[in-house]
Amino acid sequence: MKSFGLSFAAWFEKYTFILIPGSLVAGWFLSEMISSYAYLIPYMFGYITLVMAMGCGIGHLKAVLKRPLPVVLTLLLAHAAAPLLAYGTGAVIFGPESAYTTGLILFAIIPLGVSSVLWVGSSGGSVPFILSVVVLDTMLSPIIVPLLMNLFSGTSGMEWEMRSLIIDLFTMVVFPTAIGVLLYEVSKGRAKAWSAPAAQPVSKLAFMLVVMLNAAVIAPQAQSIKQDLGIVVPAVILLIILCYGLGYVGSFLDPRRTKELSITLTYASGMRNISLGMVLATAYFPPSVSVPVLLSIMFQQPAATVVHAIINRLKTTSAKDGNHETFS
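Just so we're aligned, residue 66 is where the sequence shown starts under the working numbering, counting upward by one.
Dropping the structure here:
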């Protein structure tokens with residue numbers, strides 16, 4: 066049973082780029098059957114966050130904060146530069162007051178994605194750094210997300226309940242993260258490995274269900290915007306590409322930039338916690354705002370696959386040339 070759980074989790078991670086978009090499509094078509102279970106979403110999301118946080122302790126956070134510039138740079142790229150790119154992209158294509166523009170902005174300001182840890186590790190980046198920054202960014206989300214959404218939604222005239230959003234972020238994100246870090250400390254780092262055979266596969270299944278249920282919730286209302294998909298899809302793809310590129314280019318702002326940092330910031334800037342974005346979009350905004358966030362699920366993981374291939378190609382070229390700093 067132990068080996069099956071770990072094998073399933075590894076299999077899921079390998080085929081995430083297929084399974085998650087597939088879950089989205091399944092939720093869309095099964096809307097009438099499963100939408101009534103949407104009340105389970107916050108609980109499943111809290112569990113996913115808890116499992117993620119069990120891999121990070123206070124020592125990791127302290128080590129990362131000893132050199133604050135990369136941390137500050139990561140957060141500025143992800144939550145200052147990226148939202149501006151999203152706003153600019155949306156304003157040019159849809160207009161500044163469009164709900165689609167708000168959806169693009171929401172994608173850019175939600176916390177960094179947990180899956181970025183997997184891609185950073187497989188591409189040769191710094192896993193301790195990205196894991197610590199993901200946890201830190203998650204803890205800061207009740208401040209960052211409402212603040213930036215309030216700033217940008219003011220341009221669209223869209224009204225939403227900030228207080229409820231903050232409470233939900235604490236419930237779904239901050240508290241589970243704090244509990245996960247506490248479990249890491251109490252168990253001296255053994256909690257995640259000990260629980261992994263059961264916790265990891267359940268977490269993966271919960272992720273799929275969160276995607277399915279969110280898609281099911283907005284499916285009835287989203288039928289009316291089919292005619293806009295020909296414009297929205299390219300806009301989402303463009304923004305995802307820009308965010309990945311932003312991370313790589315932005316890494317050059319650190320005077321002590323390394324190959325690891327360039328790789329890490331590329332994924333940190335490009336990958337977002339899409340499941341949280343969907344929960345927030347469906348709970349606090351019109352269905353059309355959810356569309357760019359939902360579509361980003363279809364392209365975020367495939368884009369990460371392309372980035373991974375590019376990094377490996379650059380590494381191979383660098384090794385052949387005898388220059389190990391080509392991608393740094």
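Using N, Cα and C, we set each Cβ at its ideal position, and we do this for glycine too.
If you draw a straight line from the alpha carbon of residue i to that of residue j, how long is it in whole angstroms?
{"i": "N279", "j": "Y104", "result": "10 Å"}
{"i": "L149", "j": "L303", "result": "14 Å"}
{"i": "F364", "j": "G342", "result": "15 Å"}
{"i": "V356", "j": "Y165", "result": "7 Å"}
{"i": "I305", "j": "G153", "result": "13 Å"}
{"i": "A156", "j": "S163", "result": "8 Å"}
{"i": "M336", "j": "A147", "result": "11 Å"}
{"i": "V267", "j": "T139", "result": "30 Å"}
List the residues that DSSP assigns as beta-bridge partners of residue i.
{"i": "R337", "result": "L177"}
Spatial neighbours of residue i within its chain, please: CB distance less than 7 Å, with the 5 preceding and 5 following residues excluded, ordered by chain position.
{"i": "T329", "result": "V185, G190, S191, F194, I195"}
{"i": "H373", "result": "W184, S187, S188"}
Going along the chain, which residues of its own chain have a beta-carbon closer than 6 Å to the beta-carbon of residue i, five neighbours each way excluded?
{"i": "A284", "result": "W93, S96"}
{"i": "A271", "result": "M109, Y112, I113"}
{"i": "L307", "result": "L150"}
Reducing DSSP to helix, strand and coil, say where residue i ends up.
{"i": "P207", "result": "helix"}
{"i": "G87", "result": "helix"}
{"i": "G122", "result": "coil"}
{"i": "K253", "result": "coil"}
{"i": "R228", "result": "helix"}
{"i": "S163", "result": "coil"}
{"i": "K269", "result": "helix"}
{"i": "L131", "result": "The residue asked about is misnamed: residue 131 is Lys in this sequence, not Leu. Note: K131 maps to coil in three-state DSSP."}
{"i": "L216", "result": "helix"}
{"i": "Y80", "result": "coil"}
{"i": "S260", "result": "helix"}
{"i": "G190", "result": "coil"}
CB-CB under 8 Å to residue i, same chain, minus the five flanking residues each way: which ones, in chain order?
{"i": "V19", "result": "What is shown of the chain runs 66 to 393, which leaves residue 19 out entirely."}
{"i": "L142", "result": "L311, G312, G315, L330, A333, S334"}
{"i": "T370", "result": "F82"}
Start-end ranges of the alpha helix (DSSP H) lying completely within the stretch 296-339, minimum 4 residues: The stretch 296-339 contains, as complete alpha helix (DSSP H) runs of 4+ residues, the segments 324-335 (chain order).
Ranges of the alpha helix (DSSP H) found wholly within the stretch 339-383, counting only runs of at least 4: Positions of the alpha helix (DSSP H) runs, each at least 4 residues long and wholly inside the stretch 339-383, are given as 339-349 in order along the chain.
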